[in-house]
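The sequence shown maps to residues 1 to 73 in the UniProt record's numbering.
We put the CB at the ideal spot given by N, CA and C, even for glycine.
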Amino acid sequence: MNYDGHEALRRNMAGLANNLCDLKTTLKVLEDTYHYRHDGLPERLAGISLRRLSVLMDEAFNIALMLDISFQD
Numbered sequence: 001m002n003y004d005g006h007e008a009l010r011r012n013m014a015g016l017a018n019n020l021c022d023l024k025t026t027l028k029v030l031e032d033t034y035h036y037r038h039d040g041l042p043e044r045l046a047g048i049s050l051r052r053l054s055v056l057m058d059e060a061f062n063i064a065l066m067l068d069i070s071f072q073d
């Protein structure tokens, strides 16, 4: 355990990574529903925005995951 005295930090980083993972799952469902090849313009615009959000979310998730795994048990 390399986080003696920082157990709350470890729990918070693990919780953040888990929450971001859940959010990525929700975002994926929305992306599948509203994609850039949709017939309607509002759905296509939403799809483009959701795709961009997905890219940003991937980056945020990777950073949170790196923080999480830096606290090895």
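CA-CA distance, Asp28 and Tyr34? The residue you asked about is not Asp; residue 28 is Lys in the sequence shown. Rounded to the nearest angstrom, the two C-alpha atoms are 10 Å apart.
Would you call the region 10-28 and the region 63-72 touching, i.e. three or more CB-CB distances under 8 Å? Segments in contact, yes.
Expected contact under 8 Å - CB spacing of Leu50 and Leu30 to nearest Å: 5 Å
Under a three-way DSSP split, which group does Asp4 fall into? coil
Outcome for residue 92 when other beta-carbon atoms lying within 10 angstroms are tallied against a minimum of 16: The question about residue 92 has no answer here: the residues shown for the chain are numbered 1 through 73.
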